[in-house]
Amino acid sequence: MRLTITLQRFNPEQDAAPHDEEIRLDVRRGTTVLELLIRIKQEVDGRLALRYSCRSAICGSCAMEINGGEKLACRTSVRKEYARHGRLRIAPLRGFPVIKDLVVDMGPFWSKIRNITPWLSPAAPVPHRSAEAAATGAGFHNVDACIMCGACVAACTVHEVSPRFAGPAALAKADRFLADPRESERVTRARLEVLQEEHGIWDCTRCNFCVEVCPKDVKPMEAIIRLRRASLDRRLVPTAGARHITAFADLVEGQGRLNEAVMPLKVVGLDGARLWRILPLGIRMFFKGKVPNPLAHRLPGLAQVQAIFRRGRRPPLA
Ligand code: SF4
Ligand code: SF4
Ligand code: FES
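Going by the working numbering, the sequence shown opens with residue 143, and the numbers climb by one from there.
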């Protein structure tokens, strides 16, 4: 089958900006995108820069944008891409600085991984055999399957607008240590405290793109939700994100519904400047009938709602 392949090229020594280049090649059935790129490098243009190693979806180095989605080139079929999209366009991972052609700078990615302290600090030395047993039984929720390919970060809608966001891969890595029974509570707490800050766990908008693109089914968004729960269990609630969730739950438990008038006050707290900023919003809500009548009757079924909350409540950790 003779196909046209569109490649995004960029040579910082020659080009002012990335540009597309079209190549026509005969492609055999069963060819992967990585095999195709290696052929292009060997037969068409030896200057093409790409990164790969294992060719078996293990090393994570061949992640790139294929037809607009983040994928591993070594496990993406050319034929299936053509059947689905009617074309094949290959570009480097979005949101990463491009070094050359399809090779991106993973430096910022690795520094975010380093920021979550990606190693164990047990309270006491763990004998080798019991360490293995603990890790096996820890229930890492498949987070330990991450191959650090960066696809989730490239797909992340928050990372796109806020590159300082810790990102799904680093946060999933933090969750891996949260689940490890050998980790000391002191270090877990310190790790969670760092993640409360701006660009941490509360910045995730739960768009689910990281889950969709992950080639190893790591489900980073679910890892972030576990980190949020662990933070609330430890009463780490200094951020607007944490206050938003706790205020939401408190209001529904107390009144059986969300009270949109009280919610912003609970999130903002007694910060005069911020209260002043949300005042126009409160006035607009009042005139749109969004401020509930404080003298209204209790909602029917409130006792059942409160019983659900009591049942689901988890005791806070020390
Ligand atoms: S769910 Fe959160 S971490 Fe995942 S891609 Fe969306 S914003 Fe990013
Ligand atoms: S979580 Fe998935 S997509 Fe993200 S770096 Fe790990 S393997 Fe890649
Ligand atoms: S070459 Fe290793 S994951 Fe593709």
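Just so you know, even glycine gets a beta-carbon here, dropped at the ideal spot from N, CA and C. Quick caveat: nothing in here was measured; it's all calculated off a predicted structure.
query	result
Burial state of M143, where buried means 16 or more other Cβ atoms lie within 10 Å	exposed
Run of the alpha helix (DSSP H) containing L423, from where it starts to where it stops	G414 to F429
Euclidean distance between Cα positions of L190 and V246	13 angstroms
Three-way DSSP call (helix, strand, coil) for R166 in this model	strand
Assigned secondary structure, T330 (DSSP; H/G/I helix, E/B strand, else coil)	helix
Expected contact under 8 angstroms - CB spacing of R236 and N209 to nearest Å	No, R236 and N209 are not in contact; Cβ-Cβ is about 13 angstroms, not under 8 angstroms.
A314 Cβ short of 6 angstroms to ligand 2 heavy atom set	yes
Limits of the alpha helix (DSSP H) - the one that L444 falls within	L444 to G454
Minimum C-alpha distance to Q184 - residue among L167, Q338, P442 and V285	L167
Check: G443 C-beta below 6 angstroms from any heavy atom of ligand 3	no
M290 beta carbon near ligand 1 (any heavy atom closer than 6 angstroms)	no
Integer Cβ distance of G262 from L334, believed to fall under 8 angstroms	Reading the sequence as shown, one finds Leu at residue 262 and not Gly. Contact flag wrong, Cβ pair sits at about 15 angstroms.
Straight-line gap, V531 to A158 (C-alpha atoms, nearest Å)	Residue 531 is absent from the model: the chain starts at 143 and stops at 460.
Backbone secondary structure at R348 - three-state DSSP	coil
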